[in-house]
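Q: Before we start, here is the structure in question, set down as structure tokens.
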Amino acid sequence: MASFIPSELEQKWQQKWEDGDIFSARTADGQKKYYVLEMFPYPSGRIHMGHVRNYALGDVVARFKRAMGFNVLHPMGWDAFGLPAENAAIERGIHPGTWTTENIAAMRAQLKTMGLSYDWGRELATCMPDYYRHEQKMFLDFLKKGLAYRKESWVNWDPVENTVLANEQVVDGRGWRSGAPVERRRLSQWFLAITRYGDELLNAIEGLDRWPDKVRLMQQNWIGRSQGAEVDFVIDGKKDSAVTVFTTRPDTLYGASFIALSPQHPLAAELAETKPQMADFIAECAQLGTSEANIERAEKKGIFTGLYAVHPLIDGQKLPVYVANFVLMDYGTGAVFGCPAHDQRDLDFARACSLPVIPVVRPHDSDDNFSIEDEAYTGPGILFNSAGWSGLDIEAGKEAAINALESSGAGRRKITFRLRDWGVSRQRYWGCPIPIIHCPTCGAVPVPEEQLPVCLPDDVECDSPGNPLDRHPTWSDVACPQCAGAAKRETDTFDTFFESSWYFLRYTDPHADTAFSAQAAAYWMPVDQYIGGVEHAVLHLLYSRFFMRALSDVGYLDLAEPFAGLMTQGMVCHQSFRDENGNWLFPEEVEKRGDNWVLKSDGRGVHAGRVEKMSKSKRNVVDPEHIIATYGADTARLFMLSDSPPERDLEWTEAGVEGAHRFIQKIWKLSWSVTPCARDFYFDSSAEIGEAASTLARALHKASHGIATDIERFAFNRCVAHLHILVTAITDYHNSPSTDKNAFSYAMQQLAIVLSPFSPHIAEEIWQRSGGEGFVSQAGWPDADPAWLKEDVIEVAVQVNGKMRARISLAVDCPREDAEQIALGDEAVQKHLGGQTPKRVIVVPNRIINIVC
RNA sequence: GCGGGCGUGGCGAAAUUGGUAGACGCGCCAGAUUUAGGUUCUGGUAUCCCAAAGAUGUGGGGGUUCAAGUCCCUCCGCCCGCACCA
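The structure is reproduced here in structure tokens:
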């Protein structure tokens with residue numbers, strides 16, 4: 003027997019697949035299509051285990067659907083613009099483009115060793131002008147349609163580097179490189195009007211029935227449609243100035259005790275001009291940056307403006323106006339009224355500032371003495387302390403409030419979305435240039451379409467922070483397309499989510515002169531199965547849904563939803579280790595001796611930490627390249643799929659890989675007894691073929707049925723269990739005295755088919771040895787014969803008063819009465835009945851019998 | 001802070017969606033093969049109990065039901081996302 007060298011075997015088959023060009027997808031009208039897509043990687047330099055998991059999952063689906071007779075599209079490409087390339091440029095003096103291209107080459111080579119069934123002819127990289135030129139055109143089309151517009155918004159500003167910082171680059175309120183306290187700055191930037199589709203994006207979630215419920219919920223909450231009212235509060239002493247607030251609880255207006263403005267509210271800025279204290283407070287708030295998580299986690303603080311607002315309903319009542327760090331400028335109107343009795347955050351603030359707490363909603367089972375202590379009351383109830391609204395329930399109260407506001411002119415019904423328009427401008431080099439020319443006389447002028455693409459210049463200095471496009475001596479100097487006067491190119495580039503919002507469309511027609519052709523999109527779209535990390539549950543997936551609608555509206559295609567099916571995978575985790583000094587250690591630096599972990603080098607003790615997401619900083623990483631070189635891709639893929647269900651986190655363990663490897667080797671050894679089998683061989687379920695052959699036939703049919711069912715429901719770990727059971731059955735048959743060489747080889751050939759989505763290389767080898775035609779990668783999935791799946795006798799549990807007391811064997815679909823009689827006749831059952839007569843007997847056919855007395 | 005999720009043997013998990021808890025794998029134990037180690041093969045393995053019988057058991061507490069890992073309430077722990085990381 004030849005020893006098993008996975009790399010040789012795998013290279014051989016990868017070469018044959020490539021030579022045979024068997025994974026190229028061609029538009030084939032009439033054949034049912036299936037589009038499988040995994041989220042394309044950012045070319046960071048090396049693949050990591052998360053990629054291996056993602057692509058192994060996708061390849062199972064692609065290979066299985068091919069076996070089921072679908073015309074499968076399974077492409078791969080590179081999400082190639084982004085911040086890390088610029089960081090590499092600053093840190094290592096390498097051009098972002100060079101860095102990215104080298105990374106792509108390295109990662110492509112790594113991916114190819116996995117034996118994934120991609121159509122590499124459709125590969126794309128978003129940093130190529132051939133790709134991004136189309137999104138410049140899209141942007142201009144959006145602009146014409148009013149879907150793109152310009153407005154001011156806030157960014158994190160590093161005052162030392164004079165650059166805009168990403169949230170990731172703000173650490174504890176300081177720039178990550180400069181260490182300087184972050185400021186907020188207002189910049190004029192481009193936005194895409196995603197909120198125009200708010201209702202549609204929300205309503206269509208219901209139809210995404212092959213998406214995980216959790217993702218649908220998250221998108222729903224993210225869009226966050228709320229009904230309520232806008233209320234205008236006139237500032238005392240300034241008749242014509244009012245602060246407008248948005249509230250979902252107009253019913254609690256009689257409980258209002260203050261008004262709070264966002265630190266970015268125009269009125270706050272106005273006050274800061276004359277009040278240094280206010281200016282200081284706003285500056286302090288600015289240090290929290292733009293991250294909503296940071297803002298909302300910060301200690302609640304506010305300062306009094308000295309102004310009072312007039313309560314629109316209560317004569318003579320005035321509410322103090324504060325500027326508070328917990329009010330977001332981006333939501334509603336950037337101002338709220340505080341009702342401490344019925345909002346915990348308002349209550350905390352009111353207690354800190356000694357403001358009145360006026361309960362206006364009481365629970366149904368309380369009376370008008372209901373009062374508030376440390377906890378705001380947010381539950382259902384009846385209004386009180388509310389003049390004419392007292393006695394109404396909350397919903398009726400809201401209606402009454404809105405009617406009162408509308409008739410007095412102090413407010414109006416209002417629907418607000420939490421969703422904000424998408425700011426796409428980035429002050430960075432490594433992105434798609436925004437095709438706009440700024441002219442001192444004509445303003446922002448679109449670059450004429452015949453001048454597209456606006457290519458990134460290569461000759462840039464990337465050795466210092468900031469946008470090199472701003473520093474380029476000539477690139478931005480152009481003539482205005484309208485007046486031919488001297489003008490400047492826009493030096494901002496697009497958010498990289500722009501690229502990932504339509505790449506799945508480009509794959510359908512990757513060499514088209516346009517972004518894609520409507521025909522190709524009509525054939526291949528939507529993506530039937532999309533697979534990727536749950537971290538994209540909202541942003542990327544929502545932007546893509548928006549893009550489809552926007553592109554449809556400007557005439558590119560006619561389809562609203564890009565992804566019919568979605569599967570979100572869990573993270574790949576590994577135990578982390580630290581030495582005595584708290585330094586992180588790589589897994590290969592430690593080993594287990596007895597119950598303790600020690601350093602391999604000198605045997606000193608090691609702290610074994612938690613099992614957590616693989617990350618470079620904690621060093622708990624395992625390099626896929628090393629694993630594939632050692633065990634082979636078949637083993638690595640099989641292990642990735644075998645232990646945890648795909649949506650859950652997976653712990654990478656050495657022992658687990660070893661186990662998968664043993665299983666592959668077991669199959670390898672078995673494969674040496676395989677000889678070409680008769681083409682028309684099959685197990686006849688209507689003939690007497692003997693015990694051993696029947697058992698084998700049953701195992702084969704159960705496996706092909708079970709694996710197909712479990713692939714459809716993403717229970718890949720169960721698929722691996724089916725494979726183990728099948729291999730055990732084939733081994734037993736092989737070892738049995740009545741073994742038949744032809745039957746054995748046939749069984750192995752069938753195994754090859756059902757194994758091929760998981761470990762395709764060894765499957766090809768077995769297929770070839772058993773005389774299979776062509777590639778197993780192109781073979782059809784075996785139909786399961788129901789006759790071989792049916793059991794004759796089934797074991798049924800018998801409970802007495804809900805406790806399991808016996809198991810009885812019954813014929814399948816045995817009549818209820820017979821089952822009941824047999825159960826009651828059972829010795830153990832009789833013993834537990836202790837002579838009592840059953841009051842009730844529940845018979846669940848083929849499952850359980852419960853005798854109640 | 002807000003939004004979402006997860007929690008079952010020593011470990012990864014399974015449970016036909018309210019019907020026999022622990023399939024399959026890892027680990028461990030015993031035996032066989034082997035000069036030995038490794039490999040391989042066979043058997044065992046939720047806990048308590050010598051065994052049987054029995055009892056207990058799905059993060060904690062409570063509830064609904066003939067029947068709860070599954071449904072409801074509540075508490076605890078861990079993880080993910082929060083709009084300029086991708």
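So for the first sequence, this note's numbering puts the first residue at 3; every next one is plus one. In this text, a Cβ means the ideal position worked out from N, Cα and C, and glycines have one as well.
Please look up how many angstroms separate the CB atoms of Gln571 and Arg55, rounded, as I've assumed it's under 8 Å.
A: Position 569 of the first sequence holds residue 571. Position 53 of the first sequence holds residue 55. Indeed they touch by this definition, with Cβ atoms about 6 Å apart.
Q: Measuring only the C-alpha atoms, how far is Ala244 from Val236?
A: Position 242 of the first sequence, counting from 1, holds the residue named residue 244. Position 234 of the first sequence, counting from 1, holds the residue named residue 236. Taking the straight line joining both Cα atoms gives about 4 Å.
Q: Could you tell me if His50 is buried or exposed, where buried requires 16 or more neighbouring beta carbons within 10 angstroms of its beta carbon?
A: Numbered from its first residue, the first sequence carries residue 50 at position 48. Result: buried.
Q: Can you tell me which residues form a DSSP beta bridge with Tyr532?
A: For the purposes of this step, residue 532 is taken as residue 530 along the first sequence, with counting starting at 1. In DSSP, Tyr532 forms a bridge with Leu39, Leu568.
Q: Identify the continuous beta strand (DSSP E) that holds Leu167 and give its terminal residues.
A: Reading the first sequence from its first residue, position 165 is the one you call residue 167. Segment 165–167, the beta strand (DSSP E) holding Leu167.
Q: Can you tell me whether Ile374 is helix, strand or coil according to DSSP?
A: Counted from its first residue, the first sequence places residue 374 at position 372. Correct three-state label for Ile374: coil.
Q: Three or more beta-carbon pairs under 8 Å between the segment 55–73 and the segment 530–543, yes or no?
A: Short answer: they touch.
Q: Report yes if the CB atom of Val795 is closer than 8 Å to the CB atom of Ala813, and no otherwise.
A: Within the first sequence, numbered from 1, the residue matching residue 795 stands at position 793. Within the first sequence, numbered from 1, the residue matching residue 813 stands at position 811. Yes, the pair counts as a contact, with Cβ atoms nearer than the cut-off.
Q: Out of His576, Val659, Ile666, point me to the one whose CA is closest to Asn622's CA.
A: Against the first sequence, residue 622 aligns to sequence position 620. When only C-alpha atoms are compared, the closest one is His576.
Q: Taking C-alpha atoms, which residue in Gly658, Cys485, Gly607, Asn158 lies nearest to Cys444?
A: Numbered from 1 along the first sequence, position 442 holds the residue referred to as residue 444. Cα-wise, what sits closest to Cys444 is Cys485.
Q: Spell out a yes or no on whether the segment 585–602 and the segment 9–20 are touching, meaning 3 or more CB-CB pairs, one atom from each, closer than 8 Å.
A: Short answer: they don't touch.
Q: Hey, is Gly22 close to the ligand SAH, as in C-beta under 7 Å from one of its heavy atoms?
A: By its list of ligands, the structure shown contains no ligand whatsoever, and the ligand SAH lies outside what it can speak to.
Q: What is the DSSP secondary structure of Lys805, reduced to helix, strand or coil?
A: Position 803 of the first sequence, counted from the first residue, corresponds to residue 805. Residue state, collapsed to three classes: strand.
Q: Need the endpoints of the beta strand (DSSP E) that Phe72 sits in, please.
A: Position 70 of the first sequence holds residue 72. Counting along the chain, Phe72 falls outside any beta strand (DSSP E), and DSSP gives it neither H nor E.
Q: Could you check what DSSP says for Trp156 in three-state terms: helix, strand or coil?
A: Locating residue 156 in the first sequence gives position 154, counting from the first residue. In the structure shown, Trp156 sits in a strand (DSSP, three-state: E or B).
Q: What's the C-alpha gap between Lys792 and Val843?
A: Reading the first sequence from its first residue, position 790 is the one you call residue 792. Reading the first sequence from its first residue, position 841 is the one you call residue 843. Near 27 Å, if we compare the C-alpha coordinates of Val843 and Lys792.
Q: Are the beta-carbon atoms of Val613 and Gly607 separated by less than 8 Å?
A: Numbered from 1 along the first sequence, position 611 holds the residue referred to as residue 613. Numbered from 1 along the first sequence, position 605 holds the residue referred to as residue 607. Not closer than 8 Å, so no.
Q: Consult DSSP for Thr493 and reduce its assignment to one of helix, strand or coil.
A: Mapped onto the first sequence, residue 493 falls at position 491. Coil, per DSSP.
Q: Nearest by alpha-carbon distance to Tyr459: which of Thr697, Ala539, Val312, Pro98 is it?
A: The sequence position of residue 459 within the first sequence is 457, counting from 1. Sequence check: residue 459 is Pro here, not Tyr. It is Pro98.
Q: Candidates Phe777, Pro448, Ala412, Pro77: which alpha carbon is nearest Asp21's?
A: Counted from its first residue, the first sequence places residue 21 at position 19. Of the candidates Phe777, Pro448, Ala412, Pro77, the one whose C-alpha sits nearest the C-alpha of Asp21 is Phe777.
Q: Please classify Lys858: is it buried, with 16 or more other beta-carbons within 10 angstroms of its beta-carbon, or exposed?
A: As shown, the chain starts at 3 and ends at 855. That puts residue 858 outside it, with no answer to give.
Q: Quickly, what does DSSP pair Tyr151 with across the bridge? List them, please.
A: Working through the first sequence from its first residue, we reach residue 151 at position 149. Its beta-bridge partners are Phe193.
Q: Going by the CB atoms, is the gap between Tyr199 and Arg420 shorter than 8 Å?
A: Translated into positions along the first sequence, residue 420 becomes position 418. Translated into positions along the first sequence, residue 199 becomes position 197. No, the pair does not count as a contact, with Cβ atoms beyond the cut-off.
Q: With DSSP as the reference, please indicate the residues paired to Glu614 in a beta bridge.
A: For the purposes of this step, residue 614 is identified with residue 612 of the first sequence, where counting begins at 1. Answer is His576, bridged to Glu614.
Q: Between His736 and Asp742, what straight-line distance do the alpha-carbon atoms span, to the nearest angstrom?
A: Residue 736 sits at position 734 when you count from the first residue of the first sequence. Residue 742 sits at position 740 when you count from the first residue of the first sequence. Taking the straight line from one Cα to the other gives about 8 Å.
Q: In terms of residue numbering, what span does the beta strand (DSSP E) encompassing Pro265 cover?
A: Position 263 of the first sequence holds residue 265. Neither: Pro265 is in no beta strand (DSSP E) and is coded neither H nor E.
Q: Under 7 Å Cβ to Cβ from Gly782, same chain only, skipping five residues before and after it: list those, please.
A: Counting from one through the first sequence, the residue named residue 782 turns up at place 780. These residues qualify, in order along the chain: Ala69, Gly71.
Q: Just mark Ile106 as buried or exposed, buried being the case when its beta carbon has 16 or more other beta carbons within 10 Å.
A: For this step, residue 106 is matched to residue 104 along the first sequence. The residue in question, Ile106, is buried, as its Cβ has 16 or more Cβ neighbours within 10 Å.
Q: Where do the N-terminal and C-terminal ends of the beta strand (DSSP E) with Leu601 fall, by residue?
A: If you number the first sequence from 1, residue 601 lands on position 599. Per DSSP, Leu601 belongs to the beta strand (DSSP E) from 598–601.
Q: From the DSSP output, in three-state form, read off Cys721 for me.
A: Counted from its first residue, the first sequence places residue 721 at position 719. Three-state result, Cys721: helix.
Q: Is the CB-CB distance between Pro589 and Val536 below 8 Å?
A: The residue given as residue 589 occupies position 587 in the first sequence. The residue given as residue 536 occupies position 534 in the first sequence. Their beta carbons are not under 8 Å apart, which means Pro589 does not touch Val536 by this criterion.
Q: Going residue by residue through the segment 762–806, where are the continuous beta strand (DSSP E) segments of at least 3 residues, counting only ones entirely within it?
A: Counting whole runs of 3 or more residues, the segment 762–806 contains the beta strand (DSSP E) stretches 795–802.
Q: Are the Cβ atoms of Phe339 and Ile261 separated by less than 8 Å?
A: To locate residue 339, count along the first sequence from 1; it is residue 337. To locate residue 261, count along the first sequence from 1; it is residue 259. Yes, Cβ-Cβ distance for Phe339 and Ile261 is below 8 Å.
Q: Among Ser388, Val480, Glu463, Leu149, which residue has its Cα nearest to the Cα of Arg473?
A: Numbered from its first residue, the first sequence carries residue 473 at position 471. If we check each option's Cα against that of Arg473, Glu463 comes out closest.
Q: Between Pro834 and the rest of its own chain, which residues show a CB-CB distance below 6 Å, the 5 nearest in sequence each way excluded?
A: Mapped onto the first sequence, residue 834 falls at position 832. What sits at residue 834 in the sequence shown is His, not Pro. Only Val802, Arg807 meet the Cβ criterion.
Q: Excluding the 5 residues preceding and the 5 following Val447 in the sequence, name in chain order all residues of the same chain whose CB lies nearer than 8 Å to its CB.
A: Taking the first residue of the first sequence as 1, we reach residue 447 at position 445. Once the five neighbours on either side are set aside, the close Cβ partners of Val447 are Ile438, Ile439, His440, Cys441, Cys482, Pro483, Gln484, Ala489.
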